[in-house]
Each structure stands twice: as C-alpha cells, then as structure tokens.
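In the numbering used here, the protein residues as written are 6 to 229. Here a beta-carbon is modelled for each residue, glycine too, at the ideal position from N, C-alpha and C. Please read these numbers as outputs of a predicted model, since none were measured by experiment. Encoded as structure tokens, the structure appears first; notes follow it.
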Ligand SMILES: [Ca+2]
Ligand SMILES: [Ca+2]
Ligand SMILES: [Ca+2]
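Spelled out as structure tokens, the structure:
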C-alpha cells in the first residue's frame with residue numbers, strides 16, 4: 006500500500022539559499038558551455054520535493070537544465086550589444102499545488118578583445134600646398150573600437166611613408182590621430198606621399214587596423 010500523503014504534509018517550498026547571485030561570463034564563452042548552477046533544496050519527499058528548474062529573462066541567450074539546474078549559454082554572447090542580463094531562476098516542485106521559489110541571477114558579460122580598430126574609410130586624401138607650414142594639422146584620423154577599456158583604446162602610428170624621407174615628412178599624434186606636416190615640402194622632390202597608418206588597440210594580443218592616407222600636392226600654378 007502506498008500511503009497518500011495529505012496535502013498538509015506538503016509544507017515547504019523550495020529554497021535557494023541566500024541570493025541574489027552575480028556571475029561574470031566572458032563574451033567568447035561557447036554555446037553549450039556551463040555558466041553556473043544554483044541548486045535549490047526542498048525538504049519534502051516524493052513529488053513534493055522533486056524540483057524542476059526554469060529561467061526567466063536573458064533574451065534567449067541562456068538555458069537551464071530542468072533537472073540539474075545547470076545554466077548554460079544558449080546563443081552567442083556579445084558584450085558590445087548586451088553587456089549584462091538579469092535572469093530569474095525558478096525552482097518548482099511537482100506537488101499539488103506546486104510550490105516554487107525564485108532567485109535573481111545577474112550575468113555580467115566580460116569583455117574580450119574581439120573588435121579590430123576600424124577606420125571610417127580605407128583611404129583618406131588630403132591636399133597640401135607646397136608652402137604649407139610645418140606643424141599644420143592636415144587631417145585627423147580616427148578609428149573606432151567598441152571594446153572596453155584597453156581593448157578599445159586606440160594608438161595611431163605611421164607605418165610606411167612613400168617616398169621615404171629623413172626626417173619623416175609627416176608625424177602622427179599617437180593618441181589623437183592628428184596628422185601633421187613635419188617637413189617643408191618641395192614639389193620637385195615629391196608630388197604625392199602615400200602613408201600607411203596603423204591603429205592598434207591595447208588588448209592582449211593587440212589587434213591592428215590599417216588605412217592609407219594620400220597627401221597630394223596640387224600642381225603649382227605656372228605664371229607665364
Ligand atoms: Ca563582441
Ligand atoms: Ca579592440
Ligand atoms: Ca569585446
């Protein structure tokens with residue numbers, strides 16, 4: 006004979022222990038990887054103590070195993086579009102009526118250096134008059150990097166100058182991207198300079214974006 010437990014025996018709801026809980030997950034965590042587990046306890050026996058877990062919130066990025074309560078990544082994460090999620094982990098017993106408990110779970114998505122600094126254009130052109138003064142800002146280059154902190158901090162440098170000169174004909178402010186004339190130009194020496202400019206972020210390993218800048222000296226007017 007299986008004794009039927011009177012409903013008054015179903016006395017306790019599941020318990021999660023002390024929350025809320027917060028965890029940090031790198032944005033490159035693979036789909037299917039475990040994130041955390043928040044096991045609940047239920048002191049009842051049988052159906053009244055048999056828990057099923059479910060998850061609320063998280064925009065479909067996380068799933069929970071109904072039996073073990075293991076939270077997993079269900080879709081690729083991207084800190085740049087969603088830096089954090091507020092989830093609710095629910096544990097429900099199988100009693101009649103069912104009793105449940107829930108606990109907030111904050112998931113912070115930790116940054117990975119997954120964006121290369123990107124210039125708004127692949128080529129920039131600038132006209133420079135032959136008599137332009139040394140030190141004048143010809144162009145301010147800017148590369149966007151949406152990563153966080155050093156991963157998104159961009160440093161600029163001139164990688165190549167063609168034709169070359171000593172000293173270099175241009176200098177680039179490594180933090181502002183301001184490209185300055187560093188030499189008095191001479192049309193008879195060069196009519197055009199081609200620079201390759203690099204933008205390096207501060208991540209480890211660092212990611213490098215490139216662009217080309219053409220400094221063009223218009224033909225001087227000949228007065229006859
Ligand atoms: Ca990302
Ligand atoms: Ca970056
Ligand atoms: Ca990132």
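Under the three-state DSSP convention, the category residue i falls into
i: residue 1; result: This structure leaves residue 1 out entirely; the chain is present only between 6 and 229.
i: residue 31; result: strand
i: residue 189; result: coil
i: residue 175; result: strand
i: residue 83; result: coil
i: residue 38; result: coil
Other residues of its chain near residue i: CB distance less than 8 Å, five sequence neighbours each side excluded
i: residue 74; result: 42, 43, 44, 45, 56, 58, 94, 96
i: residue 30; result: 40, 78, 82, 112, 113, 114, 115
i: residue 87; result: 64, 66, 114
Same chain, Cβ closer than 7 Å to residue i, five either side skipped, listed in chain order
i: residue 33; result: 117, 119
i: residue 222; result: 133, 135, 190, 192, 196, 197
i: residue 130; result: 219, 221
i: residue 164; result: 201, 202, 203
i: residue 170; result: 188
i: residue 91; result: 62, 109, 111
i: residue 17; result: 47, 48, 49
Residues that residue i bridges to, as DSSP identifies them
i: residue 89; result: 113
i: residue 56; result: 98
i: residue 201; result: 165, 217
i: residue 46; result: 20
Enclosing beta strand (DSSP E) for residue i [first to last residue]
i: residue 50; result: No beta strand (DSSP E) contains residue 50, which DSSP labels as neither H nor E.
i: residue 77; result: 75-78
i: residue 186; result: 183-186
i: residue 68; result: 67-69
Own chain partners of residue i with C-beta closer than 6 Å, once the 5 adjacent residues on each side are dropped
i: residue 85; result: 151
i: residue 181; result: none
i: residue 103; result: 97
As an exercise, report each continuous beta strand (DSSP E) stretch of at least 3 residues that is fully enclosed by the stretch 93-166, in chain order. 105-115, 128-132, 142-145
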